[in-house]
Amino acid sequence: MPHYKLIYFAVRGKGEFIRQLFTLAGVEFEDFRQPLGSDEWPAMKKETPYGYLPVLEVDGKQLGQANAIAKFIANEHGLNGSNAWEAALIDSVGIHYDSLFEACRPFYKSWLKISDQPMEEAFKLSVEPGRDEFFPAICKFLRGNESGYIIGEKPSWIDLLVADHCTTFLRYNPNYLDKYPEAKAHMERIHSIPAIKKWIEAQPQTEI
Numbered sequence: 028m029p030h031y032k033l034i035y036f037a038v039r040g041k042g043e044f045i046r047q048l049f050t051l052a053g054v055e056f057e058d059f060r061q062p063l064g065s066d067e068w069p070a071m072k073k074e075t076p077y078g079y080l081p082v083l084e085v086d087g088k089q090l091g092q093a094n095a096i097a098k099f100i101a102n103e104h105g106l107n108g109s110n111a112w113e114a115a116l117i118d119s120v121g122i123h124y125d126s127l128f129e130a131c132r133p134f135y136k137s138w139l140k141i142s143d144q145p146m147e148e149a150f151k152l153s154v155e156p157g158r159d160e161f162f163p164a165i166c167k168f169l170r171g172n173e174s175g176y177i178i179g180e181k182p183s184w185i186d187l188l189v190a191d192h193c194t195t196f197l198r199y200n201p202n203y204l205d206k207y208p209e210a211k212a213h214m215e216r217i218h219s220i221p222a223i224k225k226w227i228e229a230q231p232q233t234e235i
């Protein structure tokens, strides 16, 4: 078995769904969490493939980009759909999610105090429009899939990514998914998977 080391900051962010993916796959990994604002980060940054985290080290070789990491792990452990068509659909949802993440960026900057924009304003002007562009397609997938997963008959990395996003914004605003009950039910389903539930209960509670 390769030695996996996931390097990310000590928040959920773009790293938590990858941690959960390892957990769901039943694969041991080294969970390295770099404190936010650490003096070590500038030097670490120069050693990453693209200048940011997460980074996955596999027997010392580095892979950057969160979705690429997730797809690699998922392909290795049967969590990227049951065939090439499902894998392509999952990938399409991941690309669709990129737009939501970009819409949420002003909110994250406000939370990190690297922007003067109030969080509430960032939420109203950026997050809510991004949510309303993203979730109609997700709910359509969910309504058309009796399994309760976004794509296919078993959970995939995209289920973990979308569910963790929902966790973040429901903690900030409990009404975040009022217009998208299928997405809320999906999050609850994913987080009730025994391995994921156990993992979440053992983690420090962070807003983001």
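So the number in this note's numbering is just where the residue sits in the sequence shown, counting from 1, plus 27.
Even glycine gets a Cβ: it sits at the ideal position worked out from N, Cα and C.
Checking the DSSP bridge columns, you'll see R60 partnered with Y35.
For Q89, the enclosing beta strand (DSSP E) stretches over residues 88-91. Contact annotation: the stretch 31-51 touches the stretch 185-200, with at least three C-beta pairs closer than 8 Å. Comparing alpha carbon positions, the residue from E55, M28, G78, P29 closest to Y35 is G78. In this structure, the CA atom of E147 is about 16 Å from the CA atom of L204.
When the beta-carbon positions are compared, S109 and A130 stay at least 8 Å from each other. Residue range 184-199 is occupied by the alpha helix (DSSP H) that includes V189. The Cβ atoms of N107 and I96 lie no closer than 8 Å to each other. Apart from sequence neighbours up to five positions away, the residues of its chain that approach L197 with a beta-carbon distance below 6 Å are Y203, ordered along the chain. Between L51 and P182, the beta carbon gap of about 7 Å places them in contact (Cβ cut-off 8 Å). If you look at E84, you'll find it isn't in any alpha helix (DSSP H); it sits in the beta strand (DSSP E) that goes 82-85. Note that the C-beta distance between F162 and Y199 is not below 8 Å. Counting of Cβ neighbours within 10 angstroms places K88 among the exposed residues, the total staying below 16. With a 10 Å radius around the Cβ and a threshold of 16 neighbouring Cβ atoms, S126 comes out exposed. In this structure A210 is buried. Its beta-carbon is surrounded by 16 or more other beta-carbon atoms within 10 angstroms. For E160, the enclosing alpha helix (DSSP H) covers residues 155-170. When C-alpha distances from H104 are compared across H30, H213, N172, L48, the shortest belongs to L48. Scanning the stretch 65-146 from its first residue to its last, the whole beta strand (DSSP E) runs of 3-plus residues come out as 82-85, 88-91.
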